[in-house]
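Data first, discussion second: the structure below is written as structure tokens.
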Amino acid sequence: MKARKTLIAANWKMHKTVEEAVTFVKDLQERLPFREDRNVMIAPPFTALIAVRSAIRRNDIWLGAQNCHWEDKGPFTGEVSPLMLYDVGCQFAIIGHSERRHIFGETDEMVNRKVKAVLGKGLRPILCVGEKLEEREVGETFNVVSRQLKEGLKGVGRKEADRVVIAYEPVWAIGTGRTAKPYQAQEVHAFIRGMLSELYDNGLASSVQVLYGGSVKPDNVDELMAEPDIDGLLVGGASLEVDSFCRIVSYRV
Ligand code: PGA
Numbered sequence: 001m002k003a004r005k006t007l008i009a010a011n012w013k014m015h016k017t018v019e020e021a022v023t024f025v026k027d028l029q030e031r032l033p034f035r036e037d038r039n040v041m042i043a044p045p046f047t048a049l050i051a052v053r054s055a056i057r058r059n060d061i062w063l064g065a066q067n068c069h070w071e072d073k074g075p076f077t078g079e080v081s082p083l084m085l086y087d088v089g090c091q092f093a094i095i096g097h098s099e100r101r102h103i104f105g106e107t108d109e110m111v112n113r114k115v116k117a118v119l120g121k122g123l124r125p126i127l128c129v130g131e132k133l134e135e136r137e138v139g140e141t142f143n144v145v146s147r148q149l150k151e152g153l154k155g156v157g158r159k160e161a162d163r164v165v166i167a168y169e170p171v172w173a174i175g176t177g178r179t180a181k182p183y184q185a186q187e188v189h190a191f192i193r194g195m196l197s198e199l200y201d202n203g204l205a206s207s208v209q210v211l212y213g214g215s216v217k218p219d220n221v222d223e224l225m226a227e228p229d230i231d232g233l234l235v236g237g238a239s240l241e242v243d244s245f246c247r248i249v250s251y252r253v
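For the sequence shown, this note's numbering assigns the number 1 to the initial residue and increments by one for each residue that follows.
What follows is the structure, given as structure tokens:
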């Protein structure tokens with residue numbers, strides 16, 4: 001039995017039409033056994049949020065967005081606000097994904113605003129942190145993760161921090177087929193928990209879920225989930241097919 005309840009989150013990125021999204025959710029609900037110890041979150045593209053919300057029939061499956069702006073409304077062409085996500089029934093929002101940081105230029109400051117805005121609407125942010133390959137190679141992993149975590153959580157009080165989920169996603173492992181070895185992920189997860197204890201307290205550090213993401217597949221899920229500080233997964237590519245996603249959610253340790 002894991003110390004914390006497991007969260008397996010599907011990040012569909014820019015994939016699936018409304019029809020494909022709804023078909024997936026229906027199949028998943030038919031095939032996935034209900035388990036007390038784990039929850040699922042699905043983050044479809046914005047265009048499929050409402051349809052997926054209506055297709056969800058189980059209280060162990062939650063809805064999330066992949067990103068949002070920090071303001072409730074205003075002249076921000078192309079953006080979607082936390083208020084709008086709340087309005088369509090999202091419970092989670094992925095914030096600071098490395099693709100947002102590195103392709104769309106999101107800074108730690110923007111990530112921090114988003115984290116606070118999402119919390120302010122009663123949603124739970126999944127705050128993503130993780131180093132690039134060149135940073136790992138020069139021994140900067142802990143510095144990068146520590147900075148992203150500190151900056152991302154700046155001004156977030158103890159009470160709100162309870163609702164934050166952290167995802168460690170080494171950039172070199174995302175979509176590359178190169179997974180972090182379980183011990184490499186565990187080492188960073190333990191470090192993150194230590195930082196949470198420094199920033200808040202031991203109670204919070206031991207209750208916050210820390211997910212791993214980066215080329216999670218059916219054939220590496222069991223060994224990753226066997227690590228004590230890995231409380232769940234953020235899955236990209238392998239969350240697009242019901243078969244592989246079901247196998248991942250049904251991990252065995
Ligand atoms: P991947 O993506 O599983 O395709 O590596 C993970 C993510 O970007 O969250």
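Every residue gets a Cβ at the ideal spot worked out from N, C-alpha and C, and that includes glycine.
- Boundaries of the alpha helix (DSSP H) around R100: S98 to I103.
- Nearest in C-alpha terms to V115, of all of F142, H102, R4 and Q66, is Q66.
- For P82, no beta strand (DSSP E) encloses it; the enclosing alpha helix (DSSP H) starts and ends at P82 to D87.
- Taking 8 Å as the cut-off, the C-beta of E99 counts as close to a heavy atom of ligand 1.
- Taking the Cβ atoms as the reference, V118 lies roughly 24 Å from F191, outside the contact range of under 8 Å.
- Taking 9 Å as the cut-off, the beta carbon of P125 is found closer than this to the beta carbon of A93.
- Taking the Cβ of A167 as the reference point, at least one heavy atom of ligand 1 falls within a distance shorter than 8 Å.
- Counting along the chain, N220 sits inside no beta strand (DSSP E), nor does DSSP assign it H or E at all.
- About 21 Å separates the beta carbons of K16 and N39, which is beyond the 8 Å limit, so they are not a contact pair.
- Annotation: the continuous beta strand (DSSP E) that includes R124 extends over R124 to V129.
- Residue nearest to H189 within the set T141, G152, V22 and A43 is T141 (criterion: CA-CA distance).
- Assigned with DSSP and collapsed to three states, N202 falls in helix.
- Shown here for T176: same chain residues with a beta carbon closer than 7 Å to its own, the five before and five after excluded, namely S215 in chain order.
- In the DSSP annotation of this structure, the continuous segment of the alpha helix (DSSP H) that includes I50 starts and ends at L49 to A55.
- Taking C-alpha positions only, R53 is separated from R113 by approximately 26 Å.
- Annotation for S215 indicates a beta carbon within 8 Å of some heavy atom of ligand 1.
- In this structure, the CA atom of E106 is about 17 Å from the CA atom of P82.
- Looking only at L49, D231 and Q29, the smallest Cα-Cα distance to V18 is reached by L49.
- Annotated as distal: A167 and G120, with beta-carbon spacing of 9 Å or more.
- By a beta-carbon distance limit of 8 Å, L204 contacts A161. Their separation comes to about 6 Å.
- For the pair N202 and G157, the Cα-to-Cα distance works out to about 15 Å.
- The region 121-184 contains, as complete alpha helix (DSSP H) runs of 4+ residues, the segments 133-137, 141-152 and 158-161 (chain order).
- For G89, the CB contacts under 7 Å within the same chain, skipping 5 residues up- and downstream, are R53 and L63 in chain order.
- DSSP places R38 inside the beta strand (DSSP E), whose first and last residues are R38 to A43.
- Only residues of its own chain outside the window of five on either side were considered, and among them P182, A185, Q186, H189, V210, L211, Y212 and L224 have a CB closer than 8 Å to the CB of I230, listed in chain order.
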